Amino acid sequence: MNTLEKIKSAQTKQLILDSTAENLKTWLDAKLPVWTKAAIEELVASEAWSELNDRFFQNLKFATAGMRGRTIGKISAKSETGESKSGCPEYAAVGSNTLNDFNIIRATIGLFRYTQKYLKEIESFEIPRFVIAHDVRYFSRHFCELSASTWTKLGGQALIFDGPRSTPQLSFSIREFKATVGAVITASHNPPHDNGFKAYFSDGAQVISPHAEGIIDEVNKVALDELMPFLGKDIRSVIILPSSADRAYLEALEENVLNPEVLEEIKPKVVYTPIHGTGGVATLPILRAYGVNVIEVPEQAEFNPAFPTVKSPNPENQDALALGIEKAKASKAVAVIGNDPDSDRMGVAILDKNGDYKLITGNMIATAIAEYRIRTLKDMEIIPKKGTKKATLIKSFVTTPILEAIARKHGIKLINTLTGFKWIGSKLLQYEAEMKAAMMEEEGIAVDYDKTEVGARIQLLLDYSTYFVFGGEESYGFLASDRLRDKDASAAALMMCELIAHLQKENRTVLDFLDEIYGIYGYYLEDLINVYYEGASGASKIRNIVGSFRSNPPKKIGDVTVTKITDFSKDELEDADGDEIPKEDFFRFELKNGFSFDVRASGTEPKIKFYLYGNGKVPSGDKLDTVKATVKDELAKLASAIKAEADTRAGN
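Below is the structure:
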C-alpha cells in the first residue's frame with residue numbers, strides 16, 4: 003500500500019479528518035522540496051495519524067494579529083531533524099497548520115500584495131518598506147531573513163536588525179524608519195516549540211480593520227505552488243539596521259519617566275531577568291542609565307530558545323521568576339522584575355514585610371502605576387487637580403474594573419477596548435490624527451508628531467485632542483508613551499522602578515500602596531481560568547463552548563443568578579469617545595452578588611479564557627483583610643462553578 007492509499011484508508015477509518023486527507027494530497031502533489039515529501043511519507047508509514055491530523059487539518063490561520071503555531075512537531079520525522087544535534091531540527095515541521103518556511107512565505111507574499119494595493123489606493127509611489135524583528139526562538143532568525151528575502155524578491159525594501167530585538171522596539175522602529183508595514187517573529191511566552199508572525203501597519207500598531215481583513219484575504223489567496231521560488235534565501239539586498247536604531251528606541255523610553263530624580267536618589271536594588279529572551283537588549287541599559295541598582299540572573303541572561311530554566315517563559319508565573327527570587331533573597335533586593343522572550347510583558351515580585359517575595363498580578367501592576375502616574379501628573383500641573391476629560395486611561399474590557407473607579411475619582415476619561423493592545427494603539431492613532439488635523443485647521447501648522455518634544459506633544463494633545471496617560475492589560479502589558487503603539491516591557495520596568503523608588507523614599511512598598519488604593523476605591527480581585535484544547539479535536543471543543551454560551555446562555559452559575567448578559571458579537575456598544583466597539587466572540591455575565599465573568603476564545607493559543615471579577619467595599623482600614631478573604635473565597639467558588647460549566651459545554 004503506497005502513501006496515498008494509506009492516507010485514504012486512514013480517512014475511511016476516520017483516523018484522520020477529511021480536511022487532513024485533502025491537505026496531505028495537495029502537499030504530496032505539489033512541487034515541494036524532497037525532504038518535505040519524505041517527512042510526510044515517514045509520518046504516514048509510522049501511522050502517526052494524530053500528529054498528521056494536527057499538522058494538516060487546516061491551513062494555519064492568518065488572523066488579525068498574524069499567525070502562530072508549532073515549528074517543532076510533537077513527533078518529528080528524521081528528514082525534518084536532519085543531522086542537527088542542537089535540539090532544533092534542521093527544518094521547521096512540515097504541515098499546512100504549522101509555522102514553517104511555507105507559511106512564513108505565504109504570509110509575506112500576502113502582506114506585500116496588500117501593501118502594494120494600499121499604496122496604489124492612496125496614490126503613493128513609494129516602494130513598500132518592511133521592518134522585521136525577531137526574538138530568540140527556534141527558527142526566528144531564519145524566518146526573519148526568509149521573510150526579508152521574500153519581500154525584496156517581490157520588489158520591496160526590507161530592514162532587519164543584526165540580532166534579536168523586542169516586539170516594542172519593532173513597533174517603535176516602524177514609525178522611526180517610516181515603514182509601510184512591519185512584522186515580528188515571535189510566539190511571545192508560548193512553549194519553546196511554537197513561533198509566530200505578527201503583522202503591524204505604518205502607525206506602529208498591530209493591524210486592525212480594514213487592513214486586517216485585506217491582508218487576511220491576500221494571504222489566503224496565496225497558493226502552495228507559488229512558494230517554491232522564495233524558499234532559497236537571498237539577503238544581499240536586505241538592509242541591516244545600524245546601532246543608531248537602538249539608541250533612538252532607548253531615547254524614546256525616557257518619555258515614560260516622570261520623576262528621574264527619585265530614581266537617581268534612591269537607586270532601588272532590583273533583580274532583573276529577561277528569561278533567556280530579548281529584554282536584556284534594552285531593559286538593562288535603560289534601568290542602569292537611570293541609576294537603578296540592577297542585579298542580573300546569570301542563568302537566564304543568555305538567549306536560549308529552549309528556555310531551559312523554566313517550565314514556561316511567562317513572567318506572570320512564580321516558576322519563571324524563581325531564580326530571580328533566589329537572587330533577590332541573597333542580595334536583599336526590593337523587587338524582582340522579569341520580561342517574556344519578546345519583552346512586551348512584565349512580571350513583578352515585591353519584597354513584603356515578612357521577607358517573602360509576593361508576585362503581583364498584571365491587574366495590580368496596572369492599578370499601582372495608573373494611580374501613581376495620575377497623582378504625579380497632577381502634582382506636576384500637567385493634568386488639572388480637578389481632572390480633565392482631555393486625559394485618559396485606556397484598558398481592555400477584561401482588565402480590572404478598579405481602573406474605571408480610579409479614572410472617575412480623578413476626573414479623567416476611561417476607555418475600554420477589546421482584548422489586544424492593537425486596540426489601544428488604534429485609539430492612540432485616532433488621538434494623533436485629531437490633534438494634527440486640529441492644528442492644521444486652526445493654526446495652519448503640520449505637526450511632525452514623533453519629532454515633537456514630549457512636553458509640547460502632551461500639551462497639544464490636551465489642547466486639541468486627548469492625552470494618553472497610561473494603558474494596561476491584565477495580561478501584563480503596559481504602555482505610557484505614544485511614540486510606539488504596543489505594550490512595552492522595558493518601559494514598564496522603568497515605570498515600576500520609579501514607583502518602587504518613590505515608595506521606598508516613603509518607607510513603603512508597592513503592596514502598601516495597593517492597600518492604600520483599596521482603602522479608597524474598594525477591594526478588587528480578579529482571576530483567570532485557561533482551559534486548553536489542542537489540535538483538531540480541541541478546536542471543535544472551543545467552538546462548542548463559545549457557541550453554546552450564545553445559543554443557550556446560563557441563567558445561574560453555581561447558585562448565583564445571572565442578572566445581565568452582554569454579547570459583544572451582537573450588541574451595539576460604544577466607548578467613552580462615542581466610537582463603536584467592533585464585534586467579537588466575547589461574552590460578559592454580570593451576577594446578582596456584584597461579581598462578573600467574561601468568556602473569550604484566545605486569538606493566539608488553543609484555549610478558551612474565563613475572566614473573573616470580584617469586589618467588596620472596605621468600610622475601614624482594619625477591615626481590609628476580612629474583605630480580602632471574603633472576596634477571595636467567593637471568587638474561588640465562582641471559578642469552581644465556571645470550570646464545571648465549561649466541561650459540560652465542551653461535551654466532556
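Numbering (this note's numbering), first residue to last: 3 to 654. The beta-carbon is built from N, C-alpha and C at its ideal position, and this holds for glycine as well. Here the structure is a predicted model, which means the values were calculated and not measured.
Three-state class that DSSP yields for residue i in the structure shown
{"i": "residue 355", "result": "coil"}
{"i": "residue 327", "result": "helix"}
{"i": "residue 426", "result": "helix"}
{"i": "residue 121", "result": "helix"}
{"i": "residue 292", "result": "coil"}
{"i": "residue 398", "result": "strand"}
{"i": "residue 418", "result": "strand"}
{"i": "residue 257", "result": "helix"}
{"i": "residue 390", "result": "coil"}
{"i": "residue 491", "result": "helix"}
{"i": "residue 1", "result": "The shown model of the chain, from 3 to 654, leaves out residue 1, and the question about it has no answer."}
{"i": "residue 609", "result": "strand"}
{"i": "residue 533", "result": "strand"}
{"i": "residue 313", "result": "coil"}
{"i": "residue 241", "result": "strand"}
{"i": "residue 298", "result": "strand"}
{"i": "residue 44", "result": "helix"}
{"i": "residue 2", "result": "Nothing in the structure corresponds to residue 2, since the chain is present only between 3 and 654."}
{"i": "residue 603", "result": "strand"}
{"i": "residue 582", "result": "strand"}
Distance between beta carbons of residue j and residue i, contact taken as under 8 Å
{"i": "residue 300", "j": "residue 309", "result": "The pair is not a contact, with the Cβ atoms about 15 Å apart (cut-off 8 Å)."}
{"i": "residue 307", "j": "residue 90", "result": "7 Å"}
{"i": "residue 400", "j": "residue 421", "result": "6 Å"}
{"i": "residue 62", "j": "residue 25", "result": "Not confirmed; about 11 Å, so no contact."}
{"i": "residue 104", "j": "residue 229", "result": "5 Å"}
{"i": "residue 110", "j": "residue 153", "result": "6 Å"}
{"i": "residue 34", "j": "residue 5", "result": "Between residue 5 and residue 34 the Cβ distance is about 14 Å, and since that is not below 8 Å, they are no contact."}
{"i": "residue 469", "j": "residue 393", "result": "5 Å"}
{"i": "residue 569", "j": "residue 552", "result": "6 Å"}
Which residues DSSP lists as bridging residue i, in chain order
{"i": "residue 567", "result": "591"}
{"i": "residue 615", "result": "528, 598"}
{"i": "residue 350", "result": "339, 362"}
{"i": "residue 480", "result": "474"}
{"i": "residue 411", "result": "Looking at the DSSP assignment, residue 411 forms no beta bridge with any residue, so it has no partner."}
{"i": "residue 334", "result": "DSSP, once it has assigned bridges, lists no residue as partnering residue 334."}
{"i": "residue 469", "result": "393"}
{"i": "residue 65", "result": "68"}
{"i": "residue 12", "result": "In the DSSP output, where bridge partners are listed per residue, residue 12 has none listed."}
{"i": "residue 559", "result": "562"}
{"i": "residue 208", "result": "202"}
Where the alpha helix (DSSP H) containing residue i begins and where it ends
{"i": "residue 378", "result": "364-381"}
{"i": "residue 203", "result": "Where residue 203 is concerned, there is no enclosing alpha helix (DSSP H), although the beta strand (DSSP E) it sits in stretches over 196-203."}
{"i": "residue 575", "result": "Where residue 575 is concerned, there is no enclosing alpha helix (DSSP H), given that its DSSP letter is neither H nor E."}
{"i": "residue 55", "result": "51-58"}
{"i": "residue 27", "result": "20-31"}
{"i": "residue 278", "result": "Taken as a continuous stretch (DSSP letters only), residue 278 belongs to no alpha helix (DSSP H), as it is neither H nor E."}
{"i": "residue 143", "result": "142-155"}
{"i": "residue 81", "result": "80-83"}
{"i": "residue 520", "result": "512-523"}
{"i": "residue 651", "result": "626-652"}
{"i": "residue 264", "result": "262-268"}
{"i": "residue 1", "result": "Beyond the ends of the chain as shown, which are 3 and 654, falls residue 1; an answer cannot be given."}
{"i": "residue 169", "result": "169-178"}
Where the beta strand (DSSP E) through residue i begins and ends
{"i": "residue 69", "result": "68-72"}
{"i": "residue 131", "result": "131-136"}
{"i": "residue 161", "result": "159-162"}
{"i": "residue 187", "result": "183-187"}
{"i": "residue 275", "result": "271-275"}
heavy atom of the ligand ATP below 7 Å from residue i C-beta
{"i": "residue 116", "result": "Ligands in the displayed structure: none, and consequently the ligand ATP is not present."}
CB contact check: residue i to chain B, cutoff 8 Å
{"i": "residue 169", "result": "In summary, chain B is missing from the structure at hand, where a single protein chain is found."}
Counting pairs of Cβ atoms below 8 Å between the segment 130-137 and the segment 187-206, do you hit three or more?
The segment 130-137 is in contact with the segment 187-206.
Any contact of the segment 243-257 with the segment 169-178, i.e. 3+ C-beta pairs under 8 Å?
Verdict: yes, contact present.
Between the segment 480-490 and the segment 590-600, can you find at least three pairs of beta-carbon atoms closer than 8 Å?
Flag = no, the segment 590-600 and the segment 480-490 do not touch.
Using a Cβ distance threshold of 8 Å, determine whether the segment 457-464 contacts the segment 345-353, with at least three qualifying pairs required.
In this structure the segment 457-464 does not lie against the segment 345-353, because fewer than three pairs of beta carbons, one per stretch, are closer than 8 Å.
For the structure I just gave you, are there three or more beta carbon pairs, one from the segment 225-242 and one from the segment 502-519, closer than 8 Å?
Segments in contact, no.
Using 8 Å as the Cβ pair cut-off and three pairs as the minimum, do the segment 62-71 and the segment 35-49 touch?
No: the two stretches stay apart, fewer than three of their Cβ pairs being nearer than 8 Å.
Is the number of C-beta pairs between the segment 499-509 and the segment 602-617 that are closer than 8 Å three or more?
Taking one beta carbon from each stretch, the segment 499-509 and the segment 602-617 have fewer than 3 pairs nearer than 8 Å; the two do not touch.
Does the segment 257-267 come close enough to the segment 474-487 that 3 or more CB-CB pairs lie under 8 Å?
Contact between the segment 474-487 and the segment 257-267 is present, with at least three C-beta pairs closer than 8 Å.
Could you tell me whether the segment 424-435 touches the segment 201-214, where touching means 3 or more Cβ pairs closer than 8 Å?
The answer is yes - the segment 201-214 touches the segment 424-435, with three or more Cβ pairs under 8 Å.
Would you call the segment 270-289 in contact with the segment 313-330, where contact means no fewer than 3 C-beta pairs closer than 8 Å?
Per the Cβ contact rule, the segment 270-289 is in contact with the segment 313-330 (3 or more Cβ pairs under 8 Å).
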